[in-house]
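Step one of this worksheet: look at the structure below.
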Amino acid sequence: MLAFLAFCFVARVVYGCTSCSTELNATLKDLMLCKSHLVVGLSVSVVKSDKVLFVGGYSNDNTSVTGDTVFQIASLTKAFASTLLVKLIEEKTEYSLDTKIKTILRNDQIFNDSLRSEFTTVRDLLSHRTGIPQNNRIRLDNNLTRSNLIHRLKYLKAEKEFRGSYIYSSLLYGLVTHLTEIIGGDTWENLVSKFIFEPLGMTSSTFVTTANPEKINLAQGYMDFYGELLPFPFELSKYYGELCGSGCILTTAVDMTKWMTFYLNGGKLPDGKRLISEKAFKEITTASNTVPNDMYTYKYYAKPEVPVTNSITGYALAWRSGFYRGNRMFIHGGSTYGYRAMLSWYPDADLGIFTVLTGNDPNYFIRQILHNYIYDIYTNQTPYLNSTTVCSYPQPWFDYTPRTKPNVTKSRDMLRHKKDYFGNYYNPAYGNIQVKDHEDVNKLTLIYGVSTFVLYPKETKDEFYGDSVGSTRYIFNFNTFRFDIECDNPYLEIPTFESKSPPVFQKSRDNANRALTINHSGFDQLTFLVVLYAVAQARTF
773 MLAFLAFCFV ARVVYGCTSC STELNATLKD LMLCKSHLVV GLSVSVVKSD
823 KVLFVGGYSN DNTSVTGDTV FQIASLTKAF ASTLLVKLIE EKTEYSLDTK
873 IKTILRNDQI FNDSLRSEFT TVRDLLSHRT GIPQNNRIRL DNNLTRSNLI
923 HRLKYLKAEK EFRGSYIYSS LLYGLVTHLT EIIGGDTWEN LVSKFIFEPL
973 GMTSSTFVTT ANPEKINLAQ GYMDFYGELL PFPFELSKYY GELCGSGCIL
1023 TTAVDMTKWM TFYLNGGKLP DGKRLISEKA FKEITTASNT VPNDMYTYKY
1073 YAKPEVPVTN SITGYALAWR SGFYRGNRMF IHGGSTYGYR AMLSWYPDAD
1123 LGIFTVLTGN DPNYFIRQIL HNYIYDIYTN QTPYLNSTTV CSYPQPWFDY
1173 TPRTKPNVTK SRDMLRHKKD YFGNYYNPAY GNIQVKDHED VNKLTLIYGV
1223 STFVLYPKET KDEFYGDSVG STRYIFNFNT FRFDIECDNP YLEIPTFESK
1273 SPPVFQKSRD NANRALTINH SGFDQLTFLV VLYAVAQART F
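First residue of the sequence shown? That's 773 in our numbering, and the numbers climb one at a time after it.
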């Protein structure tokens, strides 16, 4: 277990309510102490009425965290992606948010069905209206690129209704990234730097895909492995961030004050000039989708169970929209391996709040309550939270049991010869998997992209637990891998890669290494469809 040696903090009151910032600083210090089992580093910034009210950095180890420390902000990147794409579409093309994707890509077979291939628009992608499950584990494939993603999407089945559902998809923001590069004629990173970072003066902001961690003031990311905080390798973040527009930005609390002020000013620069048009700003901040009532806010942050309600009802273009204490709120969280972030801004209160941490924050128990607390103290509300309840949340209002490490038997014997599983398995969306021998007699080794798993037999024949090892150690554990070796077309199914529509990997007949290619023979595609049909039939019994 990581041993934390010291507690450090750097906070500064920049303008405004000194007592508010003093109170906030004291609460954040208390929070870092009581949440030391979850959080290593924390950075916070607050803006109001064009003024920076507070910037603070806190650390539970022997490193210094300030407002200038760089963190990965995960899905807060999506608002940069939507802002950039809307700006480029308006200024450089004859397209609109309701232009069909097939028109921009000149491709009639983008998705798994003709309905989505024919009618999906830019707005559908930005507001998560396609109904296609997340399939995030595809991002572990080191052959995945922004350009070849488009050739994989046609193999991902939709789970819910087109334009009648909300399924959050970071993968499809990879398609947004690709569209932006086509329209902008440059890499997504260069376009964001040119059209957003530079005009706003976000001089410390960069990208996980291009940054040298040795040359920036980067906060080390940490994973929570059942109560043990472990460092997350930056190189793995690079692979996982390849699609970029879904979550690749690295930035600081200071730089995010400029981003929040830009939004609070309706899309204007500090000198009053517009970075995006009034029409574009309205498009980005108008809800295009509804959010289901199973969001975390309905369970842990709503009356009558707690004193004040966070209401999130809509999804605009990379902003969730709703209300807090009757005032309009735009909010988005970001969660990736090693980092947790949140940004909220309240146009009626002219207030913006940014928090980012290294470690874990289940159910937003740290980020959401901090945003509620900060809103209250800077708008002269009586906070329903204090140093005690910030530490105890969701108690005293809810009981909450943290997840516990499963008790998995790793010594079972296999119920068939292990060589029967050896070989290469292929899925046209996910790519290749290799299953090979492990030094222990009752285990297998499975390799998928940058991840390696050790498989342990379950009680059920041909089913295995999978623990990740190597660079992905402690990240993907207790996954389920299910083989069917006895059918005419043997396959591997991995429910924990995508529970709503588990990917099926067909076993190569000759066990030869199959390089990931975009154009597959008609025979291969037909065989894959036969396998999918067999799996579907098996699931009905």
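Just so you know, even glycine gets a beta-carbon here, dropped at the ideal spot from N, CA and C. These numbers were taken from a predicted model, which means no experiment stands behind them.
Measure the C-alpha to C-alpha separation of residue i and residue j and round it to an integer number of angstroms.
i     : j     : result
S791  : N834  : 28 Å
Y1246 : A846  : 20 Å
S1009 : V980  : 7 Å
F1004 : L1218 : 21 Å
L1254 : Q1278 : Position check: residue 1254 holds Arg in this sequence, whereas Leu was assumed. Their Cα atoms are separated by approximately 12 Å.
F997  : V1222 : 19 Å
N1285 : Q1206 : With a pLDDT of 43 at N1285, under the threshold of 50, the modelled position of that residue is not reliable, and no figure is offered here.
S886  : F1248 : 34 Å
F1095 : T1151 : 15 Å
T1181 : V1241 : 17 Å
Y1263 : P1274 : 12 Å
I1257 : K1208 : 15 Å
G1294 : E1265 : With a pLDDT of only 39 at G1294, under the threshold of 50, the placement of this residue in the model should not be trusted; the figure read from the coordinates follows. Using only the alpha carbons, I get a separation of about 22 Å.
L916  : T1029 : 34 Å
R924  : Y1202 : 7 Å
Y1237 : G1110 : 24 Å
Y1136 : M1067 : 11 Å
F1250 : T1224 : 13 Å
I1125 : L1001 : 26 Å
R895  : Y830  : 39 Å
F1053 : F826  : 26 Å
A775  : V1162 : Its pLDDT being 42, under 50, A775 is placed unreliably by the model, and nothing is read from it.
Helix, strand or coil: how does DSSP classify residue i here?
i     : result
N1152 : coil
W1031 : helix
L990  : strand
E1211 : coil
Y1165 : coil
I1056 : helix
N1082 : strand
K1040 : strand
D1260 : coil
D1380 : Nothing about residue 1380 can be reported from this structure: the residues present for the chain run from 773 to 1313 only.
G1013 : coil
T841  : coil
G1221 : coil
P1229 : strand
L916  : coil
H1104 : strand
Y1070 : helix
T1062 : strand
N1204 : strand
L727  : The first residue shown for the chain is 773 and the last is 1313, placing residue 727 beyond what the model contains.
What do you get for residue i, buried or exposed, if any count of 16 or more other CB atoms within 10 angstroms of its CB means buried?
i     : result
R918  : buried
H1104 : buried
T1173 : exposed
E933  : exposed
V1213 : exposed
E1014 : buried
N1144 : buried
D1260 : exposed
K966  : exposed
L1187 : exposed
K1177 : exposed
T838  : buried
Give a yes or no on whether the C-beta atoms belonging to residue i and residue j are separated by under 8 Å.
i     : j     : result
V818  : L1089 : no
I873  : T892  : yes
L963  : G956  : yes
T1130 : G828  : no
R911  : F1269 : no
D1276 : N1199 : One point to set straight first is that residue 1276 is Val, not Asp, in the sequence displayed. Cβ atoms of V1276 and N1199: closer than 8 Å.
I1138 : L796  : no
N1065 : Y1087 : no
W1117 : Y994  : no
P1168 : L1047 : no
E1231 : T1252 : no
Q1153 : R1100 : no
K850  : G1017 : yes
F969  : P985  : no
I882  : I922  : yes
S815  : A1025 : yes
**Asked** Along the chain, which unbroken stretches of the beta strand (DSSP E) at least 3 residues long are found entirely within the segment 935 to 1011?
**Response** 994 to 997 and 1000 to 1003
**Message:** Extract the residue ranges of the alpha helix (DSSP H) inside the segment 883 to 913, only unbroken runs of 4 or more that lie entirely within it.
**Reply:** 886 to 891 and 894 to 898
**Request:** Would you mind listing the alpha helix (DSSP H) stretches within the segment 1106 to 1153 that are 4+ residues and don't spill past its ends, in chain order?
**Result:** 1139 to 1150
**Request:** Run through the segment 849 to 873 for me and flag every whole alpha helix (DSSP H) of 4 or more residues, listed as ranges in chain order.
**Result:** 849 to 864
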